Structure formats: structure tokens, C-alpha cells
Amino acid sequence: MSTYRTQVRIVADVLSCASHSSSDNRGVGITQILQKANLSYTRLTHILNRLVKSGLLEQIHVNNNNRYIISDKGIQFLQSYSEFAEFAESFGMKL
Amino acid sequence: MLSQFLLNVNYIQGFLYLLGGLIVFSVFRIARKGYRITRSPTLLRITVSFIFLTLGLSLNGFTYFLGSMDFKLNLLGISLAFSSLMFIIAALLEVIGYFILALGHGIKSFQTRGFSPVLFGLISTISLLSIIKSLSFVFLIYGAFETFLSYLETKYKPILFMFMALSLLALGELIRWLALFYTGLNPLMITSILLKLFGFIMLYTPVMQFTMQKKGE
């Protein structure tokens with residue numbers, strides 16, 4: 036049986052997707068994130084807006100398209116997330 | 015004089031509970047830091063659970079030391095020794111802590127395996143303290159059982175340490191009940207103290223692992 040993803044896990048999935056695809060500094064498009072993070076368009080745009088506002092993602096415009104790059108704060112968050120995910124895993128729980 | 019002090023079962027138990035309090039406090043600190051960063055409900059449950067455990071174990075430890083200066087209280091017409099009241103409060107705090115920890119596993123099980131019944135043992139003891147302690151034992155057993163199931167699913171080795179920690183604490187608690195049939199520092203009491211000590215040390219593994227990971231960066 037599949038597990039429900041928590042909000043923090045979804046955020047980590049979106050950030051991880053942005054971090055993998057933004058190594059060339061051109062950012063990642065919304066379609067790519069949609070495919071990798073497995074979310075609906077409405078939900079994803081809502082999450083992306085929140086992440087940009089909180090400074091975890093940076094929004095750039097390339098050829099009239101919105102693209103997203105993970106910020107330093109976002110990279111730090113992802114690092115902390117994986118450390119604490121491992122910590123919770125030691126208790127047999129998932130973040 | 016010193017040997018008498020060291021062999022006093024109350025002081026040994028007091029030290030053990032204070033050590034346990036210190037260990038669970040370090041778990042609480044990491045979980046709280048994690049919750050502040052990630053806002054994860056799992057870390058919130060671990061944080062709240064370990065606050066209660068820290069308070070419960072510390073209060074238990076201090077009460078063992080204060081035992082010699084005990085006095086009677088009159089609460090609503092009931093005469094009660096101060097230390098007994100403190101032990102009841104400490105046991106309540108501990109049971110809440112273990113309950114929240116078991117609840118975390120319960121929520122996870124509900125999400126992954128559908129409904130998973132929590133087995134509540136038969137409560138045969140009559141005193142309030144024993145009833146509360148038996149609840150602690152049930153939650154510990156349930157936590158250990160769920161932790162072992164998590165290990166079977168993920169094969170992640172640190173989970174085994176947590177399973178051993180919870181099992182040793184539960185076994186220590188069980189043997190402590192049996193030890194109550196004897197007076198003074200008997201072999202059963204020593205076994206119970208040693209089991210709990212190893213349990214608390216095992217409980218420290220996630221903290222050690224987290225600290226080592228931080229140092230490695």
C-alpha cells in the first residue's frame with residue numbers, strides 16, 4: 036500500500052527536482068517539476084509560489100517562461116531535511 | 015559510608031533515571047531543532063514525546079534522591095507521601111511520552127498498512143502507580159513491535175538499535191515489577207537497572223549518529 040506524502044516531503048521532492056535540474060543555471064520548467072514531483076498543476080503552482088516567497092527557490096524568466104532555480108537557502112533546507120529524515124528513520128518513522 | 019550510599023538502591027535508581035533524562039533530553043533537542051527547520055509533524059511528535067519523557071524521567075530521578083526527606087501531604091482529605099505523589103506525576107509524564115511515541119507509529123501504520131490494532135494488555139495491578147507503569151510497558155512493547163516492523167520493511171540498521179532500546183526498557187520495567195516482591199538490592203533489581211541502563215544507551219544512538227554526521231560535514 037502506498038504512503039501519503041507529508042507537506043514537508045512534497046516540498047523536499049520539489050526542491051530536489053529543482054536542484055537536480057538547475058546545475059546548468061538555466062533552471063527547471065514547471066512541466067519537468069510536474070512530472071518528477073507527481074503533483075497536480077494547481078497544487079504545484081501554489082507550492083512554487085510559497086517556496087519562492089520563502090526564498091527556497093528563485094524564479095527566473097527565460098523566453099517568456101517561468102523557470103525555477105534552487106537557492107542557497109533551499110540547498111541548506113534539503114541538507115537539513117535529509118539529516119532529519121535519517122534521524123526520524125532511526126525511530127522507524129518517516130518525515 | 016560511601017559504599018552504603020552507592021549500594022542504596024534508591025540512589026542507583028535515581029542516577030539511572032537522571033541519566034535517562036539526560037539522554038532523552040538530547041534526543042528532544044535534536045528533534046526540536048529539526049521541527050523548527052522542517053515543520054514536520056513526525057518531528058513534532060518526537061519532540062513532544064521526548065519533552066514528557068525528559069520531565070518524567072528527571073522527576074523520577076530527583077524523587078529517588080529526595081526520598082529520605084519525605085513528608086506527608088493532605089490532598090482533599092487523602093493523606094499521601096510527597097514522594098508517592100511525585101512518582102505518580104512522573105509515571106504519568108512518562109506514559110504520555112510513550113503514548114505519543116506509540117501514536118507516531120500508529121499513524122504511520124495506519125497510513126501504510128491500513129488499520130493496525132493497538133494491543134492493550136490486561137491491567138491486573140491495583141495501585142494507581144502500577145496501572146500507569148503498566149500502560150508505559152504496553153506502549154513500550156507496541157513501540158518496539160512497530161519499530162521492528164519498520165526495520166523489516168526498510169532494513170535500515172539504526173532502527174534495530176531503537177527496537178533494542180525500547181525492548182530493553184520494556185523488559186527492565188517488567189523485571190522491576192518482579193523485583194518488587196523482594197526487598198533491598200536483589201539480583202532482579204540489579205538486572206532491571208542494567209537492562210534499563212543499556213536501553214537508555216541504545217536510545218542515544220540516533221543522537222550519536224546525528225552528531226557524527228554533523229562533524230563529518
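In order, the protein sequences belong to chains A and B.
Counted the way the numbering used here counts, the first sequence spans residues 36 to 130.
Counted the way the numbering used here counts, the second sequence spans residues 15 to 231.
Glycine included, each C-beta is placed from N, C-alpha and C at the ideal position.
All values reported here derive from a predicted model rather than from experimental measurement.
Using 8 Å for Cβ pairs, my map puts residue i next to residue j. What's the rounded Cβ distance?
i: B/T161; j: A/K129; result: Incorrect: roughly 13 Å between the Cβ atoms, too far for contact.
i: B/G34; j: B/F214; result: 4 Å
i: B/L182; j: B/A193; result: Contact flag wrong, Cβ pair sits at about 16 Å.
i: A/G62; j: A/I104; result: 4 Å
i: B/G118; j: B/R59; result: 4 Å
i: A/G64; j: A/N99; result: The Cβ separation is near 12 Å, so there is no contact.
i: B/F42; j: B/F64; result: 4 Å
i: B/L30; j: B/I207; result: 6 Å
i: A/V49; j: B/S54; result: Actually they are not in contact, since the Cβ atoms of A/V49 and B/S54 sit about 15 Å apart, beyond 8 Å.
Report all residues from its chain with a CB closer than 6 Å to the CB of residue i; omit the five preceding and five following residues, and keep chain order.
i: B/F39; result: T68
i: A/E118; result: none
i: B/L72; result: Going by the sequence as given, residue 72 of chain B is Ser instead of Leu. So the qualifying residues of the chain are G35.
i: B/F153; result: Y112, F113, A116
i: B/V62; result: I114
i: B/G48; result: L57
i: B/L217; result: I37, A179
i: B/F224; result: I44
i: A/E93; result: I104, S106
i: A/A120; result: L130
Relative to the C-alpha of residue i, which residue among the options is closest?
i: A/S115; options: A/L91, A/R40, A/L74, A/A72; result: A/L91
i: B/M178; options: B/L163, B/L192, B/R190; result: B/L163
i: A/A123; options: B/L185, B/M176, B/G70, B/K147; result: B/M176
i: A/L83; options: A/R40, A/F112, A/R102; result: A/R102
i: B/R50; options: A/N98, A/F112, A/G127, A/S51; result: A/F112
i: B/F151; options: B/L185, B/K171, B/E167, B/K169; result: B/L185
i: A/Y39; options: A/Q67, A/E93, A/L74; result: A/L74
i: A/S125; options: B/F159, B/L80, B/Y170; result: B/Y170
i: B/E187; options: B/L211, B/A95, B/L174, B/L166; result: B/L211
i: B/P172; options: B/F195, B/T219, B/I146; result: B/T219
i: B/Q227; options: B/I44, B/Y25, B/L58, B/L30; result: B/I44
i: B/F159; options: B/I26, B/V23, B/L180, B/T52; result: B/L180
i: B/T52; options: A/T80, A/L86, A/L69, A/A72; result: A/L86
i: B/T205; options: B/E167, B/I145, B/I189, B/N74; result: B/I189
i: B/N22; options: B/M222, B/V221, B/L209, B/N200; result: B/N200
i: B/N4; options: B/K147, B/T168, B/Y196; result: For residue 4 of chain B there is no data in the structure shown, the boundaries of chain B being 15 and 231.
With a threshold of 7 Å on Cβ separation, who are the neighbours of residue i within its own chain once the five nearest residues in sequence on each side are excluded?
i: B/T77; result: S97, M100, F101, A104
i: B/Y165; result: I173, L174, F177
i: A/Y76; result: L69
For residue i, which residues from the same chain have a beta carbon less than 8 Å from its beta carbon, with the 5 sequence-adjacent residues on both sides left out?
i: B/F66; result: L107, E108, I110, G111, I114
i: A/S54; result: I105, G109, I110, L113
i: A/H96; result: R102
i: A/I45; result: A72, L74, I82
i: B/V221; result: I37, S40, V41, I44
i: B/G157; result: Y112, L115, A116, H119, L180
i: A/C52; result: V63, Q67, I68, K71, A72
Measuring only between beta-carbons, confirm whether residue i sits less than 8 Å from chain E.
i: A/G64; result: The question asks about chain E, but that chain is absent: this structure's protein chains are A and B.
Tell me the residue span of the alpha helix (DSSP H) that contains residue i.
i: B/F31; result: Checking the sequence shown, residue 31 of chain B turns out to be Tyr, not Phe. First-last of the alpha helix (DSSP H) with B/Y31: 23 to 52.
i: B/F85; result: No alpha helix (DSSP H) holds B/F85; DSSP gives it neither H nor E.
i: B/F214; result: 201 to 217
i: B/K169; result: Element bounds for B/K169: n/a, residue is neither H nor E.
May I have a chain-ordered list of the alpha helix (DSSP H) segments no shorter than 4 residues that lie completely inside the stretch 41 to 123 of chain A?
42 to 56, 65 to 72, 76 to 88
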